[in-house]
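In what follows, a single structure is set out as structure tokens and then discussed.
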Amino acid sequence: MAAPESGDGNNGAARMVTLISSDNTRFEVEAAAASLSQTLQLTILDGGGGGGDGIPLPNVDSATLSKVLEYCIKHAPAAANGGAPNATAVDRAELERFDNEFVNIDQSVLYSLIMAAHNLEIEGLQSLVAKKVADMIKGKSPMEIRRTLGFPDPTPEEQAEMNAHMLEYGWAYE
Amino acid sequence: MWVAPPLRPAAAPGEVIAKRSEATIISASSSACYLIDRMPHQGQSDKKAPVASGSHTIDALPVIVLEHILGFLPAQEAVQTSVLARRWRHLWKSATGLHVSCIVDLSGYSASLKQQAFKER
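Here the protein sequences come in this chain order: V and W. For what it's worth, the working numbering labels the leading residue of the first sequence as 24, then goes sequentially. For what it's worth, the working numbering labels the leading residue of the second sequence as 4, then goes sequentially.
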């Protein structure tokens, strides 16, 4: 395909769309970036989000949406190249570095992000955050996991259930 | 230049968002406009969890998202999350893409697991 060297493959200026967060903040972003969201892609393909209209996202607040868009903007060029089969090792390393830094954030923000990624169907972002949360759990004992994830200490009843479970699934605790 | 909206207090201290996107905030709109058809509304996509992006604890996430998270854990560790809360008890069984590795002879275990699976049917 003879795509231009730079740009996103569109003719001339890239098409922009407007997204409106739940707290009514408007974000203007390239359609190619917003289209990383499967949910938005259909609307955008139908011509939505342009001009004076915006696409309301009633389940995503502005702080979360700005993070989501940061991810989309960074990943849009690679996505436009079909998963970037031609990407250089440097490009891939740069994206990986970005991703690592991107999820190095407070837990509550991670959960807001994964919810937004789930609602907007942004597969790469969902997996990135899910993997990060899994990494927070990895290698920890059940009590350490509880504390890491902010669960209250177990009640005596819950402790008894935990013990029973550990007996039943002893192989998982060896 | 894009101007970062204020982060909610729960955001990580020192989190940098000013340099982030080229997205531009145009103005604050007062009308809610229409909803995206395919976007789940609060409480619709899951039995319990809200789907708004303001969910600040892991337990507020819907089952499908939790299962996705557990899918990145080795099976053994996914099973251990059963003890976190009742809601987590059986999550691991349906986690997508559980990583199972075998470094010991599991022949005895697999037999007992089969029995277990049979009993649960």
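Note that beta-carbon positions come from the ideal geometry of N, C-alpha and C, so glycine has one too.
Check: Residues of chain V with a CB under 7 Å from the CB of W/V82: which are they?
Finding: Y192 and A195, listed in chain order.
Note to self: I want to know whether the segment 87 to 105 of chain V touches the segment 54 to 68 of chain V - three or more CB-CB distances under 8 Å.
What the structure shows: Result yes; three or more Cβ-Cβ pairs closer than 8 Å.
Note to self: Between V/K155, V/F174 and V/R170, which has its C-alpha nearest W/F75's C-alpha?
What the structure shows: Cα-wise, what sits closest to W/F75 is V/K155.
Notebook entry, point to check: With a cut-off of 9 Å, does the C-beta of W/L94 fall near any C-beta of chain V?
Noted result: At a cut-off of 9 Å between beta-carbon atoms, W/L94 makes no contact with chain V.
Checklist line | Interface partners of V/V40 on chain W, CB under 9 Å | finding: Neighbours of V/V40 on chain W: none; closest Cβ ~10 Å, over 9 Å.
Check: V/A139: beta carbon under 8 Å from a heavy atom of the ligand HEM?
Finding: Although the ligand HEM was asked about, the structure shown includes no ligands whatsoever.
Check: chain W beta carbons: is any one of them nearer than 9 Å to that of V/H188?
Finding: Output row for V/H188: interface = yes.
Note to self: What would DSSP say about V/T111, mapped onto helix, strand or coil?
What the structure shows: The answer is coil: DSSP assigns V/T111 none of H, G, I, E or B.
Checklist line | DSSP state of W/F75 mapped onto helix, strand, coil | finding: W/F75: coil per DSSP, three-state reduction.
Checklist line | Under 9 Å by beta carbon: chain V residues contacting W/S97 | finding: For W/S97, no chain V residue has a C-beta closer than 9 Å to its own C-beta; the minimum C-beta separation is roughly 15 Å.
Next item on the list: Could you check what DSSP says for V/A178 in three-state terms: helix, strand or coil?
Entry: Looking at the sequence shown, residue 178 of chain V is not Ala but Thr. It is coil, neither helix nor strand.
Checklist line | Closer than 9 Å to chain W by CB, V/E117 | finding: No, its Cβ sits nowhere closer than 9 Å to a Cβ of chain W.
Note to self: Any beta carbon from chain W within less than 9 Å of V/G173's own beta carbon?
What the structure shows: With 9 Å as the cut-off, V/G173 counts as an interface residue toward chain W.
Check: In three-state DSSP terms, what is V/A187?
Finding: Reduced to three states, the DSSP call for V/A187 is helix.
Notebook entry, point to check: Under the three-state reduction of DSSP, which class applies to V/R49: helix, strand or coil?
Noted result: Here V/R49 sits in strand by DSSP.
Check: Between V/A199 and chain W, is there a C-beta pair that is closer than 9 Å?
Finding: Absent from the model: residue 199 of chain V. The displayed extent of chain V is 24 to 197, so no value can be given.
Next item on the list: Pick helix, strand or coil for V/V40, following the three-state DSSP scheme.
Entry: In the three-state reduction of the DSSP assignment, V/V40 falls in the strand class.
Next item on the list: Please list the partners that W/V66 has in chain A, where partner means a Cβ-to-Cβ separation under 9 Å.
Entry: Reference to chain A is not applicable here, since the protein chains of this structure are V and W.
Notebook entry, point to check: Is the segment 41 to 54 of chain V touching the segment 82 to 90 of chain V, taking contact as three or more C-beta pairs under 8 Å?
Noted result: Under the Cβ criterion (8 Å, minimum of three pairs), the segment 41 to 54 of chain V counts as touching the segment 82 to 90 of chain V.
Check: To the nearest whole angstrom, what separates the beta carbons of V/V152 and V/L136, a pair I think is in contact under 8 Å?
Finding: The C-beta distance from V/V152 to V/L136 rounds to 5 Å, short enough to fall under 8 Å.
Checklist line | Buried or exposed by the 16-neighbour rule on C-beta atoms within 10 Å, applied to V/L63 | finding: V/L63 should be labelled buried.
Check: Is the segment 170 to 184 of chain V touching the segment 60 to 76 of chain W in the sense that three or more CB pairs, one from each, lie closer than 8 Å?
Finding: Judged by Cβ distances under 8 Å, the segment 60 to 76 of chain W makes contact with the segment 170 to 184 of chain V, as three or more pairs qualify.
Checklist line | Distance between V/N123 and V/A116 (C-alpha atoms, nearest Å) | finding: Those two C-alpha atoms are separated by around 10 Å.
Notebook entry, point to check: Among all the DSSP beta bridges, which residues are the ones paired with V/N78?
Noted result: The sequence shown places Ile at residue 78 of chain V, not Asn. Answer by DSSP bridge pairing, in chain order: V/L42.
Next item on the list: Answer with buried or exposed for V/A195, where buried requires no fewer than 16 other C-beta atoms within 10 angstroms of its C-beta.
Entry: Buried, by the Cβ-count rule.
Item checked: Inter-residue Cα distance where the pair is W/W125 and W/S85 -> Lying before the first or after the last residue shown, residue 125 of chain W is absent from chain W, which here runs from 4 to 124.
Notebook entry, point to check: Where does V/P165 fall in DSSP's three states?
Noted result: Of the three classes helix, strand and coil, the one that applies to V/P165 here is helix, per DSSP.
Notebook entry, point to check: Going by the beta-carbon positions, is the gap between V/N142 and V/L80 smaller than 9 Å?
Noted result: The Cβ atoms of V/N142 and V/L80 sit closer than 9 Å to each other.
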